[in-house]
Structures are given as structure tokens and as C-alpha cells.
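>
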Amino acid sequence: MEQRKEASIINVRDLNLFYGEKQALFGVDLAIQEKEVTALIGPSGCGKSTFLRTLNRMNDLIDGVKITGDVVIDHENIYRSNDVIKLRTKVGMVFQKPNLFPMSIYDNVAYGPRMQGIKNKKELNIIVEDSLRSAAIWDEVKDRLKTSALGLSGGQQQRVCIARAIAMKPDIILMDEPTSALDPISTLKIEELITNMKKDYTIVIVTHNMQQAARISDKTAFFLNGEIVEYDDTDNIFSTPQDQRTEDYVTGRFG
Amino acid sequence: MSIPTTNKQAEEIGKANKRKYMLERASQRVFLLCALLSVITLLLIIGFVFYKGAHPFVAEGYSFIDFIFGSDWVPSEDKFGIFPMIVASIYATIGALIIGVPIGLFTAIFLAEIASERLAKIISPAVQLLAGIPSVLYGVFGLAIIVPFLQDTFGLVKGQSLIAVILVLAIMMLPTIVTVAETAIRAVPQTYREGSLALGVSQIGTIFKVIVPAAKSGIMTAIVLGLGRAIGETMAVILVAGNSLIVPTSLTDSVRPLTTNIALEMGYAFGTHQEMLFATGIVLFSFILILNFVLAKISAKGGS
Amino acid sequence: MRQFKDNLLRVLIWLSAFLSVAVLVMIVGFIFYKGIGLINFNFIFGDYSPDGGGGIWPMIVTTIYTVLISLVIATPIGILAAVYLQEYAKQGRLVRLIRFATESLTGIPSIIYGLFGAVFFVTTLKLGMSILAASLTLTIIVLPVIIRTTEEALKTVPRSYREGSLALGTTKLQTLYKVILPSSMPGILSGIILSVGRIVGESAAIFLTAGTVAAMPDGILSSARTLTVHAYLVTQESGDIELAAAVGIVLIVLILAINLSATYISKKFNKATNK
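Given below as C-alpha cells:
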């Protein structure tokens, strides 16, 4: 256990989060391994999404949020550094609903690199193509790169969102229930994609779908009321959970 | 205690990012400055108008009571009483409200609830357009049509009168009231209508018992906006008011409301005379604040 | 009894609607009927002559000047102020103060703006009765309009756009000018167009700050008259209703064009976002 912690890319120690007076996360400890898929499960309102958003400091956008504890990503304590830009270029995010901008597909994927100052057209072309290929959507969109991204189907849009995150060449990609707004076939495609992506990226995914967690993740953390109840290999969580509450949840007794 | 981190922690922020953060801070200050500009101008306006307007009473020994309640305004003889104008402004505003509000509200009800979709689609945009017509034109209309009409009908020597002001202001506020109130009434959820109609309440009953109360705050806004347009109106009023300096005792008396007094004399006034026009402005300003306050109170009371 | 009351109210509603429409039709009809005889090329594009028979080109030019100058100043300030209020400010006393000030500015009648302009821009800043003094006064008048419409437009930009952009390691400023402002541009534009209407229709404040000189302005420091002030003055001074109505036609057509373009833009906007 201890040795694994050494290899972990994300190390969270005693993390507490408050919305004003209300505490939403209680002493969360978690070590996430490199190039694995880690799933965060739990009933709605348990704090799993809030926790995910502490990893790229998206909670900073909300007024009145206070955070104590340490989040160390790649040896850097992200709440002590003030370089949020650098953090977010290293830690990408895919949201619950596809949130492409009202621009062309190409401009969406090139958006992040451009904002980093990459202007060379050839370089951008390569980044866009590579990213769309990695997100398994290149073949579907290569002939319409200059058309509005909002004309794509929901599932396609979400894969372009993943491509947009990949275009930043991040180490880590956070996914906040990325398939909850999609039909089963699109969901399946994204799950396949995630499985393929883990050779290159560390993925942390929030899901309310336990089958999905079981299918695609290596490790699973079970959140309840702002605390981690259990964190282990996914197989163990689903076959031999140590905590009664975990067992109740994964067998569908509540949630 | 905390997890050991490498020296990278202290490593300076990348050069490119440093510039971005600097730009970020600078731009935020510029934005703040722009936002503060409206506060600054408001303070400037209040400051200048009040400084100028209060000067005669604070530094020159004029009595504020005489100013408010005096009925003689003869700048050449150093007499500054605006009581007739205050009365004229109050009468004109109340009169315009009495005529304009019910007609405007009923028209809004007609467009939103009774008229066919097709008819409403023709009338509503036309009314909306009229809300944007320069108010001077309402005055021109008043002078050319309403004033001669009053003259002939009531055998007046001069058709320019309080009633002419009231009619012009009522007409002028109509488009604003109709447009805003119609939007408010249309925003009432369909379920309210269905719920009431299903209980066997008639269409008219539903409108006045359910829909109008539900749209109350929007209707109040409509009235406040219409009122704002009427009470501050100047140039159109000059054309039809007659501008006599008497306390009106009848609807057919020629009047001079507060706004017109300022516009008529500002061009040549100087010294104390000019300051008294600013004082007139302060009274007008307070008048509007009080009216808005009263209306806010009325709508709050209606809510409880 | 109830039946009677219902019927009475129904009659009143129809009557009111008829009355409103009739009066409003009458006004427009009256202006066109009275003024159309004067409208010709020379009237619109000819120079003004005090003896009558001349054109209103100087007033049109003056009106255009005031619109352009006020918008050039008010638009950037208004947009950036709205951006501060919507995107940067934390809710608190400062924001409440700014909001209160903006709302109060909306409620001030234009004659008071005129008074302020006359003492501040004309006298204190020594601009004299001039197009510039009037335009600066108008800037203050339309500033709240632009701030409010821009704020409304910014509110319609989904939060997910902001999050999506920031999560890619961009700054707020980059997010603002690459994503947020472009998405809200149609809303902002229609706010600006509405301000044009407000400026064109304004009379009292201009009357007190730009003066009434009926000639082609030499520059922005000249005193001059706008179309509305002209319509007022020819009615008040010479009782020339035909001339005032003819100016009225030009104004109405202008306002109509302004409103139509605002509607067009917001329709296009809705289509674009529903896509």
C-alpha cells in the first residue's frame, strides 16, 4: 500500500471543503495512480463531483468556497501554487453535458493550444487531427471540421470535448459523469475510448452508474456524505467490500 | 506533516503565465473603474444639482418654505415661489395616471388574453414602435389636434391647459404601459388559466381574479415606467401647457409644471435665478423619488 | 349580476383597446398626413434656410454626430462595466452600490441631465453649448441602458462555456473575449441599437446643452440642433406644424429602421443559440 503511494500522481491528504458555513468534504485522503482509471461513486450529493473539481481548482469559481488540506499533483501542492493556468493545462476536464463553444469543430479543439500562444497553422492542424483521432471521432468529423460543433450529436460532441481536453496534452483528465446525458450506444463508445486512453493518461471519473465503474475503472472510491468510505481495486469494491455501507450501495440497496 | 513537495513548488510561475496574470489583474481594475463610473456620475449629478440648487437657501438667505409655498415667480423682482408649478405637476401626473393606467392595462389585457393571435401580432409590435417615438412628436400632435379640439369644444380662449397636458401625457405613457404589462400578463403560466377555467370561473373572472394578480409586479413596473416617462417629460408639455404661473383651479387652466419651468428659463437665467431653476430640479427629483417609493409600497402591500 | 359585471368589463376592455389603437394610429396618421407634402430630396438633403423652404440636412448631421459620439464613449464603458458586474464582482456592498447607482441613473428625468450637462459640461468644463457637451450628457443617459442590456446578454451565456474554457487553462480575460463576448454580441448589439433610439428621441437634455443654432455645425464644439429639437422649435416658435410633422416623419422612419434592425438581430441570435 505504502509503496503504491510513492507512485501515485495525485495525492490528497485531509481535504476539507466548505461552502460558506456548510462543510461538503470531510478529511478526504486519496492517492491516485498514474495511467489508471479511478472511479468515484456514491449517491448524489455525496461530494464526489465537488471532490473532482478540487483537483483542477474549478471550485475557485464559486464564491465562498474554502478549502483546507493538501492536494499534491505531480509533486506540486496545487493550493499553495498560484499558477492555476499551469494546473489546468496539466489537468484537463470533461463535463457532465457536452459544452462545446459555438464555433467550428476545428476552432473548438484548437482553442486551448491557441490560448497557450500556438499560432502556427501546421502545428495546430497536427494537434487538432491527433486529438480528434485519440478521441476516436476523426473519421466522423474530418470532412466538416469548419462547420459548427453544435451541429453534432450529443455523443459526438462529448467526444470532441474529450479531444479538446486532449489537445492540451494533459497528464490527467477529470471526467464528471461524462455519459449521463448520452444514449447507451454513445455511452458505450465513450467507455471504450476511456479504456483506450488510460495507456496515455491518468483518468479520474465520477459516475453514478455502478456498472460503468465496474466496466472501466481500475480503482474505485466510494463517497458518502462527503467522506470516502472505501477505496480499493474496483474488483474488490464490487466483490468483497469491507464496509457494510459500500456493500449496501453496490448491491443497490440505496442510492 | 504535510506531504513533502519538491522545490518545484517554489518555482516561479512560467514567464508567459506571469504576463497573463498581470493582464488579468490590470483588466479587472479597468472593468471596475468602468463600473464605478456610473457611481461617480450619479454623485456628480447629485452633487452639482444640489450644490447649485441649495446655494440660495444656504448662502443667500432665501427661505426654502417661501420657495415651496410661495405662489409668485417673478425672477426680475427676486420672487421665487414654485407652489403653482408643484400643484400643476402633481395634478398633471395624477390625471395622466387616472386616464393612462386603466386604458393601458385594459389594452394589455385585450392583447394578451382576448384578441386573436393574429390581431395581437399586428397591434403589439405597432404599439411597441410607438413607445420609441420621440416625445416631442406627441407634443406636436397635442398642439395641432388636442388643443384646438378643447378650444372649440369648451369655448376656451386658449386650449393650452392642464387637461391638454394630462391627455398628452396619458397618450404618451400608453405604449410603455401596454407593452410592459402585456409581457407581464403573457408570462403568467398557462396552468393558472386552466386551473381557474376548470373551476367554472368565466374568462373575465379568471383574468381579474387570477391572471392580473399573478402579473402584479410586472404591471407595477409598467406603471412606474410609464409614470417615469410622463413626469419627466418636458418639451412636449411646454407645447400644450400654456405655461401660466397660476395655481390651477380647473382642468382648463393654463399651467406650468416643474419641468417646463426649467427648460423655458434655463436659456437666459443666471445668478440666483439659475440656482432657483436647479432648486426646481431638486424638487422634481424628490417628487420622483417619493412617487417611486409610494408605488413600491403600494405594490408591496398588495402582495401581502 | 356576475354576468352583467363580466359583460361590462368585457366592453371596457374592447373600448380601451380600440381607443389606444385609434389614438396611436391617429398620431402617426396625423404626422404623415401633415408632413408628407414637404418631404422631398431637397428637404432631407438641403441646407437649412431661416426663411423656410430649406432642408433639414444640418439637423440630420447633428443628430448623427450626437449618436456617434455618445455611443463611442458609452459603449465600451457600458460593456466593461457590465462585464465587471456579471463576471468579476463578488456579490457585496460594492456591487449593490454600483447597481443602485445604475438604477437611479435610469430613473432621473432627462431635464435633470440637461441641468447637469449645462452646468458641468457646458460651464465647468468650458465646452460651451455644443454637440460635444450634449453628446457627453447623452452618454450618461444611455450608459445605464447599455450596462443593463449587456448584463442581460451576459446572463444568457451558459455557465458551461465559462467552465469549459477555464478548464482548458485559459484566463478569465481570454475566456471573456474569445467565448463570452462573442456569444453575447447580438444581445449587446440590440442594446446599443436601443440606445440609438433613446438618443435620437431625446430633446430636453439636448436643448439645454447643445443649444439651438440652426446651421451646419463646423465641428463638435459648435452649437447645433438635432431633429427633435428642431421639431420642437419650429412648433413652439413659428407654429409650423407641417414642418414639425415632416421632421417627425424622418424621425419615425429612423426609429422604425432602428427597431427593425434590433428585432432582426435578436431573432438571428435566438436562431443561432437554438441550433
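Chains as they are written, first to last, in the numbering used here: chain A, 11 to 265; chain B, 114 to 417; chain C, 41 to 315.
Backbone N, C-alpha and C fix where the C-beta goes; we use that ideal spot for every residue, glycine too.
DSSP puts B:Gly355 in a beta bridge; with which residues?
Your numbering for residue 355 of chain B matches position 242 in the second sequence. Answer is B:Val368, bridged to B:Gly355.
> Here's a check: name, in chain order, each residue in its chain whose Cβ is nearer than 6 Å to the Cβ of A:Arg174, leaving out the five neighbours to either side.
The residue given as residue 174 of chain A occupies position 164 in the first sequence. Same-chain partners within the cutoff: Asn118 and Val119.
> Looking at chain C, is there any beta carbon in it that lies within less than 8 Å of the beta carbon of A:Arg143?
As a first step, residue 143 of chain A must be located in the first sequence, where it is residue number 133. Not closer than 8 Å to any Cβ of chain C, the Cβ of A:Arg143 fails to qualify, so no.
> With 8 Å as the limit, tell me which residues of the region 113–132 of chain C have their beta carbon closer than that to any beta carbon of chain A; keep them in chain order.
Those would be Lys130 and Gln131, in chain order.
> Are there 16 or more other CB atoms within 10 angstroms of the CB of C:Phe140, so buried, or fewer, so exposed?
Taking the first residue of the third sequence as position 1, residue 140 of chain C is located at position 100. Looking at its Cβ environment, which holds fewer than 16 other Cβ atoms inside 10 Å, C:Phe140 is exposed.
> Considering only their Cβ atoms, is the gap separating A:Met68 from C:Leu208 smaller than 8 Å?
Indexing the third sequence from 1 puts residue 208 of chain C at position 168. Indexing the first sequence from 1 puts residue 68 of chain A at position 58. Result no, Cβ atoms of C:Leu208 and A:Met68 do not sit closer than 8 Å.
> Specify the secondary structure class of A:Ile19 as computed by DSSP and reduced to three states.
Along the first sequence, one-based indexing puts residue 19 of chain A at 9. In the structure shown, A:Ile19 sits in a strand (DSSP, three-state: E or B).
> With contact counted as at least three CB pairs below 8 Å, one residue from each stretch, are the region 267–274 of chain C and the region 241–253 of chain B in contact?
Cβ pair count under 8 Å is three or more, so yes.
> How many angstroms separate the CA atom of A:Phe233 from the CA atom of C:Thr179?
The residue labelled residue 233 of chain A in the question sits at position 223 within the first sequence. The residue labelled residue 179 of chain C in the question sits at position 139 within the third sequence. So the two alpha carbons sit approximately 55 Å from each other.
> Taking only beta-carbon atoms, is B:Leu243 less than 8 Å away from chain C?
Position 130 of the second sequence holds residue 243 of chain B. Chain C contact via Cβ: present.
> For C:Tyr320, return the contacting residues in chain B, with the cut-off set at a CB-CB distance below 7 Å.
With chain C covering 41 to 315 only, the question about residue 320 of chain C has no answer from this structure.
> How many angstroms separate the CA atom of C:Ser150 from the CA atom of C:Val182?
Position 110 of the third sequence, counted from the first residue, corresponds to residue 150 of chain C. Position 142 of the third sequence, counted from the first residue, corresponds to residue 182 of chain C. Answer to the nearest angstrom: the Cα atoms are 11 Å apart.
> If you run the structure through DSSP and keep just helix, strand and coil, what is B:Leu242?
In the second sequence, the residue the question calls residue 242 of chain B occupies position 129. Three-state result, B:Leu242: helix.
> Taking 8 Å as the limit between beta carbons, can you name the residues of its chain near A:Leu134, skipping five residues before and five after?
Taking the first residue of the first sequence as 1, we reach residue 134 of chain A at position 124. Same-chain partners within the cutoff: Ala120, Pro123, Arg124 and Ile128.
> What residues match up with B:Trp186 in a beta bridge as DSSP calls it?
Taking the second sequence and counting its residues from 1, the one referred to as residue 186 of chain B is at position 73. In DSSP, B:Trp186 forms a bridge with B:Phe193.
> For A:Ile172, which residues of its own chain have a beta-carbon under 6 Å away from its beta-carbon, when the five flanking residues on both sides are left out?
Along the first sequence, read from residue 1 onward, the residue named residue 172 of chain A stands at position 162. The residues are Val104 and Ala145.
> Which word fits A:Lys229, buried or exposed, when buried means at least 16 other C-beta atoms lie within 10 angstroms of its C-beta?
Locating residue 229 of chain A in the first sequence gives position 219, counting from the first residue. Its Cβ being crowded by 16 or more others within 10 Å, A:Lys229 is buried.
> Which residues in the same chain as B:Gly308 place their Cβ atom closer than 8 Å to its Cβ, once the five residues preceding and following it in sequence are excluded?
The residue given as residue 308 of chain B occupies position 195 in the second sequence. If we look at B:Gly308 and ignore the five residues flanking it on each side, its Cβ neighbours are Val323.
> Can you tell me where the alpha helix (DSSP H) holding C:Met66 begins and where it ends?
To locate residue 66 of chain C, count along the third sequence from 1; it is residue 26. It spans Arg42 to Gly75 - the alpha helix (DSSP H) in which C:Met66 sits, taken as one unbroken run.
> Using 8 Å as the threshold, is the C-beta distance between A:Leu110 and A:Ala177 below it?
Sequence index remark: in the first sequence, residue 110 of chain A carries index 100 (1-based). Sequence index remark: in the first sequence, residue 177 of chain A carries index 167 (1-based). No.
> Does C:Glu191 get closer than 8 Å to chain A when you measure Cβ to Cβ?
Numbered from 1 along the third sequence, position 151 holds the residue referred to as residue 191 of chain C. It does not: the Cβ of C:Glu191 has no partner Cβ on chain A nearer than 8 Å.
> One question on the structure: do B:Gly420 and C:Ile152 come within less than 8 Å of each other, judged by their Cβ atoms?
Residue 420 of chain B lies beyond the stretch modelled for chain B, which goes from 114 to 417, so this question has no answer here.
> Are three or more beta carbon pairs between the region 330–345 of chain B and the region 172–187 of chain B nearer than 8 Å?
Short answer: they don't touch.
> Mapping DSSP to helix, strand and coil, what is A:Lys199?
Locating residue 199 of chain A in the first sequence gives position 189, counting from the first residue. In this structure, A:Lys199 counts as helix in the three-state DSSP scheme.
> Keeping to the same chain, check which residues put their C-beta closer than 6 Å to that of A:Arg14; ignore five residues upstream and five downstream.
Stepping through the first sequence from its first residue, residue 14 of chain A is reached at position 4. Model confidence at A:Arg14 stands at a pLDDT of 45, short of 50, so the residue's coordinates are unreliable; what they give is reported in the following sentence. Correct list: empty, nothing qualifies.
> Is the beta carbon of A:His218 sitting closer than 8 Å to the one on A:Ser196?
Numbered from its first residue, the first sequence carries residue 218 of chain A at position 208. Numbered from its first residue, the first sequence carries residue 196 of chain A at position 186. No, these two residues do not count as a Cβ contact at 8 Å.
> Do the region 190–209 of chain C and the region 83–102 of chain C meet, that is, are 3 or more Cβ pairs less than 8 Å apart?
The answer is no - the region 83–102 of chain C does not touch the region 190–209 of chain C, with fewer than three Cβ pairs under 8 Å.
> Taking only beta carbons into account, state which residues of the region 197–210 of chain C come closer than 9 Å to chain A, listed in chain order.
Within the region 197–210 of chain C, the qualifying residues are Pro198, Arg199, Ser200, Tyr201, Arg202, Glu203, Gly204, Ser205, Leu206, Ala207, Leu208, Gly209 and Thr210.
> Check whether chain A comes within 8 Å of B:Ala311, counting only Cβ atoms and requiring the distance to be less than that.
For the purposes of this step, residue 311 of chain B is identified with residue 198 of the second sequence, where counting begins at 1. No, B:Ala311 lies away from the interface with chain A (no Cβ there is under 8 Å from its Cβ).
> What are the complete beta strand (DSSP E) segments, minimum 3 residues, inside the region 81–135 of chain A?
Runs of the beta strand (DSSP E) inside the region 81–135 of chain A: 101–104.
> From this set, C:Ala174, C:Gln131, C:Ile148 and C:Thr211, which residue's C-alpha is nearest B:Leu155's C-alpha?
Your numbering for residue 155 of chain B matches position 42 in the second sequence. It is C:Ile148.
> For the beta strand (DSSP E) holding B:Ala129, just list the boundary residues, first then last.
Numbered from its first residue, the second sequence carries residue 129 of chain B at position 16. No beta strand (DSSP E) contains B:Ala129, which is instead part of the alpha helix (DSSP H) from Lys128 to Ala172.
> Would you give the residue range spanned by the alpha helix (DSSP H) that B:Ile259 belongs to?
As a working note, residue 259 of chain B is residue 146 in the second sequence. Looking at the DSSP string, B:Ile259 is not in any alpha helix (DSSP H), and its letter there is neither H nor E.
> Would you check if the region 206–219 of chain B and the region 257–266 of chain B touch, i.e. whether three or more CB-CB distances between them fall below 8 Å?
No, the region 257–266 of chain B is not in contact with the region 206–219 of chain B.
> Sort C:Gly118, C:Gly288 and C:Leu155 by Cα distance to B:Ala382 and report the nearest one.
Along the second sequence, read from residue 1 onward, the residue named residue 382 of chain B stands at position 269. That would be C:Leu155, whose Cα lies nearest to the Cα of B:Ala382.
> Could you check whether C:Arg265 and C:Met41 sit closer than 8 Å to each other, using their CB atoms as the reference points?
For this step, residue 41 of chain C is matched to residue 1 along the third sequence. For this step, residue 265 of chain C is matched to residue 225 along the third sequence. Result no, Cβ atoms of C:Met41 and C:Arg265 do not sit closer than 8 Å.
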